[in-house]
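A.B. asks: Residue numbers (the working numbering): 23 to 325.
The beta carbon of each residue, even a glycine, is placed where N, CA and C say it ideally should be.
Before we start, here is the structure in question, set down as structure tokens.
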């Protein structure tokens, strides 16, 4: 990186857009694109629900590994995000090159690792850059990128499959889509503040380095684990469930894009509520609403 590019001021909007679209690639493609692809792969005879469960579980396991190892790599946040986004796009496209459940499972595990790295790296560099540009409030809205990626990939799969695209070709197209989402970040990262480029992610303490866990942290981790268990399973199989109870493919195909669009809206709704209530209360109410949302289909289907 030359000194001229380092001194060139960055627009807060450019940083915001790069961060938002990075999360669209990392989460909408790297972590969640298997959800709209699963019913297509089942329909093509490539997978059954049990095999799909293994592939999905591998991605979530990879995400856990990526979240744990991100800081231990010792890379700068910008390097971590840039490399992880590239690997996410390549791994997504590589799903088209294999035909067995073990191979798909391995690839989706690796994609989960990379999506976590991209999420952590993007959060660190983007929030830091926005704070230095005196626009920290924009930082909360970059997380709308998660829902954006879910909605766009869901609509893309719905439209492309209705036009005759095969599940195999769609994996390549989703890889390209992930690269397009990542392009603004790849253009912005070389221009990020030189101080940030030279600062590695904070190192994660090794077991035994701290004898005392901060008060409340164990409970918070337990709540977040249960929260993840509560939403990730129905979210993964939502289109498959919709397909089993709705005859019109156009309707069940909308399940995932609607999920993503609602996720985008929720960022701004939560922001509005947090100006009027505590963060913990907003989180508690949101979790309760999610629980009701998960329960309602079960009650409806059993009725």
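Given this structure, state the Cα-to-Cα distance separating residue 53 from residue 117, to the nearest angstrom.
C.D. replies: Looking at the two C-alpha atoms, the distance is approximately 13 Å.
A.B. asks: What whole-angstrom Cβ distance do residue 84 and residue 132 have, given they're in contact under 8 Å?
C.D. replies: Confirmed, about 6 Å.
A.B. asks: Using the beta-carbon count (16 or more within 10 Å), is residue 212 buried or exposed?
C.D. replies: Exposed, by the Cβ-count rule.
A.B. asks: Quick check on residue 156: does DSSP put it in helix, strand or coil?
C.D. replies: Looking at residue 156 - three-state DSSP - the assignment turns out to be coil, as it is neither helix nor strand.
A.B. asks: Going by CA-CA distance only, name the one from 309, 306, 111, 264 that's closest to residue 51.
C.D. replies: Measuring from the Cα of residue 51, the nearest candidate turns out to be 111.
A.B. asks: From which residue to which residue does the alpha helix (DSSP H) around residue 349 run?
C.D. replies: This structure cannot settle anything about residue 349, because the visible part of the chain is limited to 23 through 325.
A.B. asks: Only counting runs of 4 or more residues, tell me where the alpha helix (DSSP H) segments fall wholly within the region 159-207, in order along the chain.
C.D. replies: Whole alpha helix (DSSP H) segments, 4+ residues: 166-184.
A.B. asks: So the alpha helix (DSSP H) residue 319 belongs to, where does it begin and stop?
C.D. replies: Residues 301-324.
A.B. asks: Does the region 122-140 come into contact with the region 153-165, if we say contact requires no fewer than three beta-carbon pairs (one atom in each stretch) closer than 8 Å?
C.D. replies: At 8 Å Cβ cutoff, the stretches do not touch.
A.B. asks: Hey, residue 176 and residue 285 are a contact pair by Cβ (cut 8 Å); roughly how many whole angstroms apart?
C.D. replies: Residue 176 to residue 285, Cβ: 11 Å. No contact.
A.B. asks: Between which two residues does the alpha helix (DSSP H) harbouring residue 34 extend?
C.D. replies: Segment 34-45, the alpha helix (DSSP H) holding residue 34.
A.B. asks: Throw me the rounded Cβ distance for the residue 196 and residue 183 pair, which I believe falls under 8 Å.
C.D. replies: So it is not a contact: roughly 12 Å between Cβ atoms.
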